[in-house]
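Protein chains in written order, with the numbering used here: chain W, 32 to 348; chain P, 367 to 610.
Note that beta-carbon positions come from the ideal geometry of N, C-alpha and C, so glycine has one too.
Quick notes on the structure that follows.
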Amino acid sequence: MKAPIALALAFILYPFVFSNAFYLDIGVALLLAAISASAWNIVGGYAGQVSVGHCMFFGAGAYLPLLVYHHWQLPPVVGVPLGIIVSLVLAVIVGMPTFRLTGHYFSMATIAVAELIRLVIGTWDFAGAAIGLQGPAVGRGWWDLTFRGELPYYFIFLAVLIVLLLVISTIERTRFGYYLRAIKAGERAARSLGVPVRRTKLYALMLSAAFTSIAGSLYSIKTGFIDPESGFGILVSVQMVIIAALGGAGTLYGPLVGALILIPLQTATNTWFGGGGTGLTYILYGGIIVLIARFEPGGLHEMWHRIAPKFGKRHAA
Amino acid sequence: MLLSAENVSKTFGSLRAVAGANLAIDEGEIIGLIGPNGAGKSTFFNCLAGDTLPTTGRIVFDGRDVTRASPEEHAELGVGRTFQVPATFEDLTVLDNVMVGAFLRHPHRGAAREHALQVLDLVGLGDRQNLRARSLGTPGRKRLEIARVLATGPRLMLLDEALAGLTPVELQQAIALVKKIHQTGVTLVIVEHIMEVIMTLAARVIVFNQGHVIAQGKPADVVRQEAVIEAYLGRGHRNWRKKD
Numbered sequence: 032m033k034a035p036i037a038l039a040l041a042f043i044l045y046p047f048v049f050s051n052a053f054y055l056d057i058g059v060a061l062l063l064a065a066i067s068a069s070a071w072n073i074v075g076g077y078a079g080q081v082s083v084g085h086c087m088f089f090g091a092g093a094y095l096p097l098l099v100y101h102h103w104q105l106p107p108v109v110g111v112p113l114g115i116i117v118s119l120v121l122a123v124i125v126g127m128p129t130f131r132l133t134g135h136y137f138s139m140a141t142i143a144v145a146e147l148i149r150l151v152i153g154t155w156d157f158a159g160a161a162i163g164l165q166g167p168a169v170g171r172g173w174w175d176l177t178f179r180g181e182l183p184y185y186f187i188f189l190a191v192l193i194v195l196l197l198v199i200s201t202i203e204r205t206r207f208g209y210y211l212r213a214i215k216a217g218e219r220a221a222r223s224l225g226v227p228v229r230r231t232k233l234y235a236l237m238l239s240a241a242f243t244s245i246a247g248s249l250y251s252i253k254t255g256f257i258d259p260e261s262g263f264g265i266l267v268s269v270q271m272v273i274i275a276a277l278g279g280a281g282t283l284y285g286p287l288v289g290a291l292i293l294i295p296l297q298t299a300t301n302t303w304f305g306g307g308g309t310g311l312t313y314i315l316y317g318g319i320i321v322l323i324a325r326f327e328p329g330g331l332h333e334m335w336h337r338i339a340p341k342f343g344k345r346h347a348a
Numbered sequence: 367m368l369l370s371a372e373n374v375s376k377t378f379g380s381l382r383a384v385a386g387a388n389l390a391i392d393e394g395e396i397i398g399l400i401g402p403n404g405a406g407k408s409t410f411f412n413c414l415a416g417d418t419l420p421t422t423g424r425i426v427f428d429g430r431d432v433t434r435a436s437p438e439e440h441a442e443l444g445v446g447r448t449f450q451v452p453a454t455f456e457d458l459t460v461l462d463n464v465m466v467g468a469f470l471r472h473p474h475r476g477a478a479r480e481h482a483l484q485v486l487d488l489v490g491l492g493d494r495q496n497l498r499a500r501s502l503g504t505p506g507r508k509r510l511e512i513a514r515v516l517a518t519g520p521r522l523m524l525l526d527e528a529l530a531g532l533t534p535v536e537l538q539q540a541i542a543l544v545k546k547i548h549q550t551g552v553t554l555v556i557v558e559h560i561m562e563v564i565m566t567l568a569a570r571v572i573v574f575n576q577g578h579v580i581a582q583g584k585p586a587d588v589v590r591q592e593a594v595i596e597a598y599l600g601r602g603h604r605n606w607r608k609k610d
């Protein structure tokens with residue numbers, strides 16, 4: 032229990048130690064990535080149902096706040112629950128037919144639906160088409176969840192991440208959590224033990240979709256802008272998958288560890304190469320995929336569990 | 367009667383794996399299902415477990431038609447099965463594996479854990495509860511599979527070659543375990559190639575060949591039947607005997 036508390040304290044103190052806008056921005060991006068990847072981890076990591084189209088939930092959550100603001104001048108925060116509802120409906124539409132099947136149908140269906148939505152949104156004037164939508168020009172306060180500075184966003188994102196991790200940690204200890212891991216380990220065996228596989232996978236997807244939608248809403252409210260690529264782009268999904276896989280998919284802190292490594296690395300490469308580094312993110316993601324697949328499919332979590340006992344022995348000797 | 371299968375057939379394209387098989391099991395029995403490779407016993411076994419949908423026929427468990435019921439429903443009703451190749455959850459601990467089964471009748475974690483620990487003690491894996499399943503050898507994994515099914519509280523257990531690949535000592539231990547499980551009131555259907563297991567445990571044997579039930583009765587009687595010997599040794603076995 033000491034490590035999580037120390038980690039939480041470190042996150043609370045971070046903006047006071049690194050109060051510079053650049054570092055604060057990295058902190059906010061890191062927390063957002065950790066929320067998205069942790070949300071993906073529920074269905075992709077714990078249940079082993081690899082969604083490569085989670086951007087559909089992120090995008091739904093991102094668009095709704097700015098849609099309600101743009102068309103009806105409502106506070107963007109009103110769109111957050113609407114984004115969750117749309118994401119839940121999408122999760123049911125994708126999950127119901129594909130979870131009947133075994134194999135990679137779910138992964139393929141998520142990519143197809145996400146791409147379809149991206150194309151529709153990109154040509155739909157109501158949603159700002161290819162140009163996208165804008166939120167309030169200046170932050171208006173707590174009632175609206177729009178602020179002038181980064182600091183309030185940092186703490187809101189941190190609070191959401193803590194809540195999400197608490198939810199996942201609770202799930203880990205319940206029947207639902209055991210069922211998710213059993214499904215990942217072997218669906219046929221799980222079914223023979225009475226695990227309602229389809230229902231469990233659908234609930235996991237819905238829960239995952241809801242939190243991914245919240246991440247999308249936080250992103251668009253904070254940025255004050257959304258377009259088809261930043262909401263529904265395939266890179267949004269790929270980033271969630273890679274961050275979770277890097278830290279350890281199916282583990283509580285894996286996505287957070289993955290975000291702690293990948294986001295600063297990504298920011299650093301973008302800073303070093305500037306505009307000349309266009310496409311470098313793809314190379315970075317590709318390289319990480321190759322390294323994880325070749326050397327450590329269980330991610331850093333698995334690696335740590337393998338090497339930690341050796342360190343222990345060395346110290347004991 | 368606990369379970370009955372009437373005229374069950376299963377075809378895969380032009381192949382008729384099971385051709386009108388009948389079976390009736392009373393509560394408390396131990397039944398052996400034997401036959402040469404490719405005889406259709408595993409397909410029939412999968413039909414009984416809800417893993418494979420029969421092409422024709424009807425399967426009734428405890429008065430309820432379960433022909434089209436899913437494996438989950440079978441487990442819920444009290445039909446448990448093991449797999450020919452142990453399908454343990456490799457990355458989960460031994461205890462967690464069994465808890466997955468225990469959750470079926472004990473939704474709360476504490477009760478499921480307590481039940482799982484009791485089952486692990488019964489099968490002799492209590493001291494290995496914190497190991498990952500992948501670290502167990504074949505005998506351990508087979509025991510773990512049995513434990514996992516036991517934790518679901520089955521009335522009928524279908525064991526698919528659960529005792530294959532064991533050393534003579536391990537085999538005796540496994541036979542003792544099956545007897546112990548039977549004593550708790552569980553009815554058993556055992557698919558097995560090892561005749562020692564069948565002769566020791568089964569009160570009744572059903573012999574499959576080419577999708578048909580060719581013989582059934584007491585083990586000692588069945589193994590002497592000409593049709594059974596022919597199914598295992600082929601029609602030329604008489605000539606061989608004459609040569610000898």
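N- and C-terminal bounds of the beta strand (DSSP E) containing W/T177: Here W/T177 belongs to no beta strand (DSSP E), and DSSP marks it neither H nor E.
Where P/R509 falls, given that 16 or more other Cβ within 10 Å makes a residue buried: buried
Residue burial classification, P/I397 (beta-carbon count within 10 angstroms, cutoff 16): buried
is_contact[W/P128, chain P] using C-beta, thresh 9 Å: no
Those runs of the beta strand (DSSP E) which lie wholly inside the segment 217 to 295 of chain W and span at least 3 residues: List check, beta strand (DSSP E) in window: nothing returned.
Interface flag, W/Y234 vs chain P, CB-CB below 9 Å: Output row for W/Y234: interface = no.
Within 9 Å, strictly: CB atoms of W/G126 and P/E438: no
Cβ-based neighbour list, P/A391, same chain, cut-off 8 Å, excluding 5 preceding and 5 following: Strictly speaking, residue 391 of chain P in this sequence is Ile, with Ala absent from that position. Once the five neighbours on either side are set aside, the close Cβ partners of P/I391 are M367, L368, L369, S370, I397, L522, T553, V555.
Selection from P/E372, P/K407, P/R494 that minimises the alpha carbon distance to P/R424: P/E372
Burial state of W/F42, where buried means 16 or more other Cβ atoms lie within 10 Å: Burial call: buried.
Inter-residue spacing [alpha-carbon to alpha-carbon] between P/R382 and P/V573: 17 Å
Cα-Cα separation between P/V571 and P/P585, rounded to whole angstroms: 6 Å
Proximal residues of chain P, C-beta to C-beta of W/T133 below 8 Å: Correct list: empty, because the minimum Cβ distance to chain P is about 13 Å.
CB-CB length for W/G114 against W/L95, believed under 8 Å: About 4 Å separates the beta carbon of W/G114 from that of W/L95, a gap short enough to meet the 8 Å contact definition.
Reduced DSSP secondary structure (H/G/I, E/B, other) of P/E527: coil
For P/G446: DSSP bridge partner residues: P/M523
Residue range of the unbroken beta strand (DSSP E) whose run includes P/E456: Premise fails: P/E456 is in no beta strand (DSSP E) and is neither H nor E.
Under the three-state DSSP convention, the category W/A348 falls into: Interpretation of W/A348 is limited by its pLDDT of 48, a score under 50 that renders its predicted location unreliable; the figure taken from the coordinates is listed afterwards. Note: W/A348 maps to coil in three-state DSSP.
Amino acids of chain W, ordered along the chain, whose beta-carbon sits closer than 8 Å to that of P/D462: Y209, R212
Neighbour-count burial assignment, W/A348, 16 or more Cβ in a 10 Å radius: Any reading at W/A348 needs caution, since the residue's pLDDT is 48, under 50, leaving its predicted position unreliable; the model's value is listed next. So W/A348 ends up on the exposed side.
Opposing strand residues paired with P/I572 [DSSP bridges]: P/L399, P/Q582
Minimum Cβ-Cβ distance from P/F469 to chain W less than 9 Å: At a cut-off of 9 Å, the C-beta of P/F469 has a neighbouring C-beta in chain W.
Backbone secondary structure at P/Q484 - three-state DSSP: Here P/Q484 sits in helix by DSSP.
DSSP-derived helix/strand/coil call for P/S370: strand
Simplified DSSP assignment, three categories, for W/G166: coil
Proximal residues to W/A65 (C-beta, below 7 Å), its chain only, five neighbours per side dropped: L192, P286, L287, A290
DSSP state of W/R325 mapped onto helix, strand, coil: helix
Chain W within 9 Å of P/M561, Cβ atoms only: no
Whether P/E558 touches P/L399 by CB criterion (9 Å): Yes, the Cβ-Cβ distance between P/E558 and P/L399 is below 9 Å.
Bridge partner(s) assigned by DSSP for P/F427: P/L369, P/R430
Given W/Y136 as reference, the closest of W/L63, W/Q80, W/G153 once Cα atoms are compared: Of the candidates W/L63, W/Q80, W/G153, the one whose C-alpha sits nearest the C-alpha of W/Y136 is W/Q80.
The segment 43 to 56 of chain W in contact with the segment 206 to 219 of chain W per 3-pair CB rule at 8 Å: no
According to DSSP, residues forming a beta bridge with W/F186: Looking at the DSSP assignment, W/F186 forms no beta bridge with any residue, so it has no partner.
Nearest-angstrom beta carbon gap, P/E527 and P/Q582 [assumed within contact, 8 Å]: Incorrect: roughly 19 Å between the Cβ atoms, too far for contact.
Per-residue burial, P/K407 [other beta carbons within 10 Å of its own, 16 or more giving buried]: buried
Rounded C-alpha distance that separates P/A385 from P/V374: One C-alpha to the other measures close to 7 Å.
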